[in-house]
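See below for the structure under consideration.
Dropping the structure here:
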């Protein structure tokens, strides 16, 4: 308040000149030694320090350092410094302080107060860029991005720094800002690699929001790097193309591009690149016998190098792989997948990647919901919704679908489903549609699912994970009385579960196969308990075969798992 500010200012004005200046300099420096204070120009620092400490205006901290006794007092003391003097004082402080982060702070403030000094701006920008690299080495990606943005605002135009900033901005969903940063890099006839790096990075920025547009640019980048003899960059261009193909569900093309990148990385002995390419191949070819070795190598490499970003992307792959491996299982079956999802969500939040945290939190909520742990599912959704709101993520379909699922399971049976765009090729968006279909079927809203699928067709995503998800479409057809049409999807789902080594998925396929008239004369065995969807469907198959005890168990288990739609017709 103005009255408090005036009171503190009056107290400072009552001090002797040397005391007042030393207090103001301490406010400017923060926590400072006597030597640092003396470097700002006041001669009688020692005498002033003693009297200020005795008066309770300064306090002595560890290491014979001093700071204002109260933050408000420090604020007022700093504000009483003439603005014309602050730039020079911050410049002197930058030369006097010992800690690198303090030097950067003072150079930045000095440049703000003396905007017409290009040499000072250049020094501040260079110091900020150096600090950003240090933050990157500590995996503080968001802080590094903000620091580099400040450096660019002060005139930094070093191409390598601009490329690094664009990569960080793209990773933080600031694609437009990233492309604007890259536009600051000019063509240099003497250095064609500079333009190749710029254009390759621009394609990487667009890899998720416009993968189709990015694809030809990746292949162009690969050719340019090949001509320049940079095999490492060529390998990355092919690996990036593999990711873009995956984002539009072109799994065969994705595997070819990733294989090409992996081969080049292996020729170079580039472990980091090989781990990146093979980790993504685990999503494209989850049934590849090398998958477990690839993922183990990726986690070990991340641990040995301290690369937390690599650890995060490997956890993303592990989480999705194990989610589909345990699809339809009990809480015991999902335990490993939930462990990976928990690690993914926590690390992604630490590293400033809320979009990846959404993957972990959504899958945690879904696994809890599908195993009847509704209180846990509600808690995960609350965290999920806070994460989406804080990060202001664009169109978080998976989070919306998960929230819908848990809300319906909790009693909002007639809630409107937030179906994602029907023509999207993004596998994660396709997963959001699958989540909604599952919940609609469990709630007994079969006709709505079949009506929508009659318009859109089954999932257009390819691969074993999609085929396991196709068991949901098979269930919809069965519940709607179209058992003949369900058989193809059951066969594909059973094969995909075999490829993924997914015992619960195989059990789901077996139960559906029996109900569709494909599974021989004997229904699945009666499970001792029912705490997952595969067990519930096995009980349903037995009830369909006329087992009265199974019908009774089905009604109770469907209620416990919030799946009344699976008990319809069993009075």
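Numbering (my numbering), first residue to last: 3 to 573.
Beta carbons: idealized from backbone N, C-alpha and C, even for Gly.
(1) Assuming residue 199 is part of the alpha helix (DSSP H), what are its boundary residues?
(2) Considering just the uninterrupted stretch of the alpha helix (DSSP H) at residue 144, what are its terminal residues?
(3) Helix, strand or coil for residue 500, going by three-state DSSP, please let me know.
(4) Between residue 408 and residue 383, is the Cβ-Cβ spacing less than 8 Å?
(5) Cα separation between residue 38 and residue 63?
(6) Counting along the chain, where does the beta strand (DSSP E) carrying residue 62 start and finish?
(7) Quick one: is residue 295 buried, meaning 16 or more other Cβ sit within 10 Å of its Cβ, or exposed?
(8) Would you call residue 151 buried or exposed, if buried means 16 or more other Cβ atoms sit within 10 Å of its Cβ?
(9) From the DSSP output, which residues share a beta bridge with residue 524?
(10) Determine, using beta carbons only, whether residue 331 and residue 564 come nearer to each other than 8 Å.
(11) Is residue 92 closer than 8 Å to residue 99 when the C-beta atoms are compared?
(12) Rounded to the nearest angstrom, how far is the Cβ of residue 51 from that of residue 42, given a contact under 8 Å?
(13) Measure the Cβ-Cβ separation of residue 510 and residue 528 and say whether it is below 8 Å.
(14) DSSP three-state label for residue 69, please.
(15) Once DSSP output is grouped into helix, strand and coil, what is the label at residue 234?
(16) Opposite residue 35 in the DSSP bridges: which residues?
(17) What is the rounded straight-line gap between the Cα of residue 174 and the Cα of residue 53?
(18) Contact defined as beta carbons within less than 8 Å: I believe residue 78 pairs with residue 10. What is the distance between those atoms, to the nearest angstrom?
(19) Buried or exposed, going by whether 16 or more other CB atoms sit within 10 Å of the CB of residue 531?
(20) Give the secondary structure of residue 308 by DSSP, where H, G and I count as helix, E and B as strand, and everything else as coil.
(21) On the premise that residue 219 lies in contact with residue 205, defined as a C-beta separation below 8 Å, what is that separation, rounded to the nearest angstrom?
(22) Checking 8 Å against the spacing of the C-beta atoms, do residue 386 and residue 410 come in under that value?
(23) Would you decide whether residue 269 is buried or exposed? Buried here means 16 or more other CB atoms lie within 10 Å of its CB.
(24) Note down the Cα distance separating residue 490 from residue 455, rounded to an integer number of angstroms.
(25) Sort 363, 450, 357, 400 by Cα distance to residue 393 and report the nearest one.
(26) With three or more C-beta pairs closer than 8 Å as the rule, is the segment 337-357 touching the segment 131-139?
(27) Do residue 213 and residue 467 have their CB atoms nearer than 8 Å?
(28) Would residue 539 and residue 513 qualify as a contact pair, given that the criterion is a beta-carbon distance under 8 Å?
(29) Determine the direct distance from the alpha carbon of residue 278 to that of residue 267, and round the result to whole angstroms.
(30) Can you give me the start and stop residues for the alpha helix (DSSP H) that residue 386 sits inside?
Let me lay it out:
(1) Counting from 1 along the chain shown, the entry for residue 199 is found at position 197. Per DSSP, residue 199 belongs to the alpha helix (DSSP H) from 194-207.
(2) The count along the chain shown starts at 1 and reaches residue 144 at position 142. Segment 143-155, the alpha helix (DSSP H) holding residue 144.
(3) The sequence position of residue 500 within the chain shown is 498, counting from 1. Here residue 500 sits in helix by DSSP.
(4) As a working mapping, residue 408 is identified with position 406 in the chain shown. As a working mapping, residue 383 is identified with position 381 in the chain shown. Taking 8 Å as the Cβ cut-off, residue 408 and residue 383 qualify as a contacting pair.
(5) The residue given as residue 38 occupies position 36 in the chain shown. The residue given as residue 63 occupies position 61 in the chain shown. Residue 38 and residue 63 have their alpha carbons spaced roughly 14 Å apart.
(6) Position 60 of the chain shown, counted from the first residue, corresponds to residue 62. Unbroken beta strand (DSSP E) run through residue 62: 60-63.
(7) Looking up residue 295 in the chain shown gives position 293. Burial call: exposed.
(8) Taking the first residue of the chain shown as 1, we reach residue 151 at position 149. Residue 151 counts as buried, since at least 16 other C-beta atoms from the protein chains shown sit within 10 angstroms of its C-beta.
(9) Here residue 524 is taken as the residue at index 522 of the chain shown, counted from 1. According to DSSP, residue 524 bridges with nothing at all.
(10) Locating residue 331 in the chain shown gives position 329, counting from the first residue. Locating residue 564 in the chain shown gives position 562, counting from the first residue. Result no, Cβ atoms of residue 331 and residue 564 do not sit closer than 8 Å.
(11) Along the chain shown, read from residue 1 onward, the residue named residue 99 stands at position 97. Along the chain shown, read from residue 1 onward, the residue named residue 92 stands at position 90. Contact flag unset, no.
(12) Along the chain shown, read from residue 1 onward, the residue named residue 51 stands at position 49. Along the chain shown, read from residue 1 onward, the residue named residue 42 stands at position 40. At roughly 13 Å, the Cβ-Cβ gap does not stay under 8 Å, so residue 51 and residue 42 are not in contact.
(13) Here residue 510 refers to the residue found at position 508 of the chain shown. Here residue 528 refers to the residue found at position 526 of the chain shown. No, they are not a contact pair.
(14) Position 67 of the chain shown, counted from the first residue, corresponds to residue 69. Strand.
(15) Sequence index remark: in the chain shown, residue 234 carries index 232 (1-based). Three-state result, residue 234: helix.
(16) Reading the chain shown from its first residue, position 33 is the one you call residue 35. Paired residues: 67.
(17) Position 172 of the chain shown, counted from the first residue, corresponds to residue 174. Position 51 of the chain shown, counted from the first residue, corresponds to residue 53. The alpha-carbon atoms of residue 174 and residue 53 are separated by roughly 50 Å.
(18) Mapped onto the chain shown, residue 78 falls at position 76. Mapped onto the chain shown, residue 10 falls at position 8. Contact between residue 78 and residue 10 is confirmed by a C-beta separation of about 4 Å, below the 8 Å threshold.
(19) Here residue 531 refers to the residue found at position 529 when the chain shown is read from its first residue. Under this definition residue 531 is an exposed residue.
(20) Residue numbering aside, residue 308 sits at position 306 when the chain shown is read from its first letter. Reduced to three states, the DSSP call for residue 308 is coil.
(21) Counting from 1 along the chain shown, the entry for residue 205 is found at position 203. Counting from 1 along the chain shown, the entry for residue 219 is found at position 217. The Cβ separation is near 4 Å, so the contact holds.
(22) Position 384 of the chain shown, counted from the start, is the residue given in the question as residue 386. Position 408 of the chain shown, counted from the start, is the residue given in the question as residue 410. Not a contact, by the Cβ cut-off of 8 Å.
(23) In the chain shown, residue 269 corresponds to position 267, counting from 1. Burial call: exposed.
(24) Mapped onto the chain shown, residue 490 falls at position 488. Mapped onto the chain shown, residue 455 falls at position 453. Approximately 16 Å between the Cα atoms of the pair.
(25) Here residue 393 refers to the residue found at position 391 of the chain shown. The residue with the shortest Cα to Cα distance from residue 393 is 357.
(26) no
(27) Against the chain shown, residue 213 aligns to sequence position 211. Against the chain shown, residue 467 aligns to sequence position 465. Contact flag unset, no.
(28) For this step, residue 539 is matched to residue 537 along the chain shown. For this step, residue 513 is matched to residue 511 along the chain shown. Contact flag set, yes.
(29) For this step, residue 267 is matched to residue 265 along the chain shown. For this step, residue 278 is matched to residue 276 along the chain shown. Between residue 267 and residue 278, the C-alpha separation is close to 10 Å.
(30) For the purposes of this step, residue 386 is identified with residue 384 of the chain shown, where counting begins at 1. Counting along the chain, the alpha helix (DSSP H) containing residue 386 begins and ends at 376-393.
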